[in-house]
Amino acid sequence: RLRKWQSRLRVSDAAERNLAFALSELDRITAQLKLPKHVEEEAARLYREAVRKGLIRGRSIESVIAACVYAACRLLKVPRTLDEISDIARVEKKEIGRSYRFIARNLNLTPKKLFVKPTDYVNKFADELGLSEKVRRRAIEILEEAYRRGLTSGKSPAGLVAAALYIASLLEGEKRTQREVAEVARVTEVTVRNRYKELVEKLGIKVPIT
Amino acid sequence: MVDMSKVKLRIENIVASVDLFAQLDLEKVLDICPNSKYNPEEFPGIICRFDDPKVALLIFSSGKLVVTGAKSVQDIERAVAKLVQKLKGIGVKFKRAPQIDIQNMVFSGDIGREFNLDNVALTLPNCEYEPEQFPGVIYRVKEPRAVILLFSSGKIVCSGAKSEADAWEAVRKLLRELEKYGLMEEEEEEL
DNA sequence: ATTTTACTTTAAAAAGC
DNA sequence: GCTTTAAAAAGTAAAAT
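Which chain is which? The protein sequence lines are A and B, in order.
Positions in the first sequence are counted from 1; adding 237 to them yields the numbering used here.
Positions in the second sequence are counted from 1; adding 982 to them yields the numbering used here.
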C-alpha cells in the first residue's frame, strides 16, 4: 500500500518537475522573443493539453514547448518565423517542425485556425526594414495579384512576402537590397531572387533599373 | 462517380521484407556481395546493391532481408533468387522456400489538373499544409492505409500502400473528398 | 549571379541500442 | 525513438563555379 502511494507521489513529482521545466523554458523563449503575454498563456495552455493527451511521448520537452510557442503565434496571428524560435530554442528546427505538425494534428489545430495572412508578415518585415505604408500597400497588391494568378501555391509565404516587399521598395523609391529583405524574412537571397523573377515576369511589373 | 480517367500512377519504389529461413554468417556473405557495406557499429545488416535487378538489400544474420528500390514485385523475386543462388554457392542451407512480404509501395502520379493548395487546406478535412516546411498537402487515407502528397501542379505521391490496387483506391478516396468539397470544379480561372 | 548537389515530406521492414 | 535503404513530388538551402 505504502509503495503504491510512494510511486504515485514520485509520478506526480516527475510530472510537476517536467511542467515546471517546460514553463521556465516557455518563459525564457517568450521573454527573449518579446512575445505578448497572451501568446505565452496560449502556448502554456497548448502544452498542458498536449501533456494531457500524452503527445509528449518520444519527444523532448524543449521541442514541444518551442512548437507550442510557434502554434500560439500562428493561432493568435502574431507573425513569427520558425527560424526565430529555433534560434533560441535549444532544439533543431527540423525537430520543432515535427513536434509542431504533430501537436497541430492531435489538438485539432486546422490549417484554417493556423493561417496567418501574408499581410501580417508584410507589416512585420516592413517594420524591421523601416518601410512606409505606401510600400506595404504596394507589396500587398502584388501578393494579392500573385495569389489570383496561382503563383503562390506551395511556395514559402516568407519568400513571397520578401520578394513582394523587395519589388515594392524599388517601385516606391525606398529601395532595400535583396540581402536585407532576405535577412528579415529568414530565407536565402536565392529564394528572394527566384520569387522576384517570377513575380516581375508573370505579373508584368516594370521595375526601375538599379 | 469519381472520374479517374485522367489520373495516372507510376510505381517508383517497392519495399519488401523477406525471410530466407537460414542463419547467415555475415562475414562470409560479404565475399559474395561485391559492392556492399557492413559496419555493425552503425547498422546490424549488410547493405548490398544489385545492378540487375536494380535494388538495394539489407541482409541480416537472422536470414531476414529488406529489399528496396524495386519497380516491380518480379524484381524483388529475382533479387531474392539471385541472392539465394549465391548463398548456396557458399554452402548455406535453407529450411524452406523464402517468404516475401510487400511492405510498402511508393507511386508518383498526376490528377490531371492544378490546385490552389490554400483552398484545399482550408476545405479538405484532416489534411496538413505547411508551405514553409513542405510544398505539398499531406492527406492520410485510413482504409486502405496510405498517405498522399498533393502538389499545386496536380502531381501526387502515394506511399504506404501494400498493393497497386490499394494505391488506386486511396487516390480514388482523395478524389471523392475533393469532389465532395467542391475542390474539383472551381475551374481555376485564366492563364 | 547562376548552377549543382543536397535536404525537407510521406511509408515500411530488418536487429539492436 | 534512432540507425540504414530506395524513390517521387516541388520547394528551399548550401555549396560550388
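Note that CB positions come from ideal geometry on N, CA and C, so glycine has one too.
Span separating the alpha-carbon of residue i from that of residue j
| i | j | result |
| --- | --- | --- |
| T318/A | G367/A | 19 Å |
| I996/B | E1023/B | 27 Å |
| K412/A | Y403/A | 7 Å |
| I1029/B | S1018/B | 5 Å |
| E378/A | A1128/B | 40 Å |
| L440/A | P1113/B | 22 Å |
| E278/A | I302/A | 12 Å |
| L380/A | A401/A | 7 Å |
| E332/A | A1147/B | 34 Å |
| E1172/B | I442/A | Residue placement at E1172/B is flagged as unreliable, the pLDDT there being 44, under the threshold of 50; the coordinate-derived value follows with that caveat. Whole-angstrom Cα-Cα distance: 18 Å. |
| F362/A | A419/A | 10 Å |
| P445/A | A405/A | 11 Å |
| R375/A | P355/A | 13 Å |
| D264/A | E329/A | 19 Å |
| I1058/B | F1025/B | 22 Å |
| L1106/B | L1165/B | 8 Å |
| I1082/B | K1162/B | 39 Å |
Chain-ordered chain B contacts of residue i [CB-CB under 7 Å]
| i | result |
| --- | --- |
| K349/A | L1104 |
| R338/A | E1110 and E1112 |
| G334/A | Q1115 |
| R342/A | E1110 |
Expected contact under 8 Å - CB spacing of residue i and residue j to nearest Å
| i | j | result |
| --- | --- | --- |
| L1069/B | V1000/B | Contact flag wrong, Cβ pair sits at about 12 Å. |
| F1032/B | K1064/B | 7 Å |
| P1080/B | L1002/B | 5 Å |
| L283/A | L344/A | 6 Å |
| V306/A | A268/A | So it is not a contact: roughly 11 Å between Cβ atoms. |
| E1096/B | S1134/B | 6 Å |
Contact list for residue i against chain A, beta-carbon separation under 9 Å
| i | result |
| --- | --- |
| G1118/B | G391 |
Contact list for residue i against chain A, beta-carbon separation under 7 Å
| i | result |
| --- | --- |
| L1099/B | S390 and G391 |
| F1133/B | G391 |
| E1009/B | Those within 7 Å of E1009/B in chain A number zero; the least Cβ separation is about 35 Å. |
Where residue i meets chain B, residues with beta-carbon distance less than 8 Å
| i | result |
| --- | --- |
| A395/A | E1114 |
| L319/A | E1114 and Q1115 |
Quiz item: Can you list the beta strand (DSSP E) stretches of 3 or more residues lying completely in the stretch 1088 to 1141 of chain B, in chain order?
Solution: Fully enclosed beta strand (DSSP E) runs of 3 or longer: 1119 to 1123 and 1128 to 1132.
Exercise. Specify whether the stretch 1064 to 1081 of chain B and the stretch 1094 to 1103 of chain B touch according to this definition: at least 3 beta carbon pairs, one from each stretch, less than 8 Å apart.
Key: No: the two stretches stay apart, fewer than three of their Cβ pairs being nearer than 8 Å.
Quiz item: Of all the alpha helix (DSSP H) runs that stay within the bounds of the stretch 312 to 339 of chain A, which reach a length of 4 or more residues?
Solution: With a minimum length of 4 residues, the continuous alpha helix (DSSP H) runs that stay inside the stretch 312 to 339 of chain A are 319 to 325.
Exercise. State whether the stretch 328 to 343 of chain A contacts the stretch 283 to 295 of chain A, with contact taken as three or more CB pairs (one from each stretch) at a distance under 8 Å.
Key: Enough Cβ pairs lie closer than 8 Å, so yes.
Practice problem: With a floor of 4 residues, list each alpha helix (DSSP H) that falls wholly inside the stretch 1032 to 1084 of chain B, ordered by position along the chain. | Solution: Within the stretch 1032 to 1084 of chain B, the complete alpha helix (DSSP H) runs of at least 4 residues are 1055 to 1071.
Self-check item: the stretch 412 to 428 of chain A in contact with the stretch 377 to 391 of chain A per 3-pair CB rule at 8 Å
Solution: Judged by Cβ distances under 8 Å, the stretch 412 to 428 of chain A makes no contact with the stretch 377 to 391 of chain A, as fewer than three pairs qualify.
Quiz item: Between the stretch 259 to 273 of chain A and the stretch 308 to 318 of chain A, do at least 3 Cβ pairs fall closer than 8 Å?
Solution: Short answer: they touch.
Quiz item: So, do the stretch 430 to 444 of chain A and the stretch 1007 to 1014 of chain B have three or more beta carbon pairs nearer to each other than 8 Å?
Solution: These segments do not touch.
Exercise. Count the C-beta pairs between the stretch 1079 to 1086 of chain B and the stretch 1117 to 1132 of chain B that are closer than 8 Å, then say yes if the count reaches three, no if not.
Key: No: fewer than three Cβ pairs fall under 8 Å.
Practice problem: Note down, one range per segment and in chain order, each beta strand (DSSP E) of at least 3 residues found wholly within the stretch 352 to 413 of chain A. | Solution: Within the stretch 352 to 413 of chain A, no run of beta strand (DSSP E) reaches 3 residues while sitting entirely inside it.
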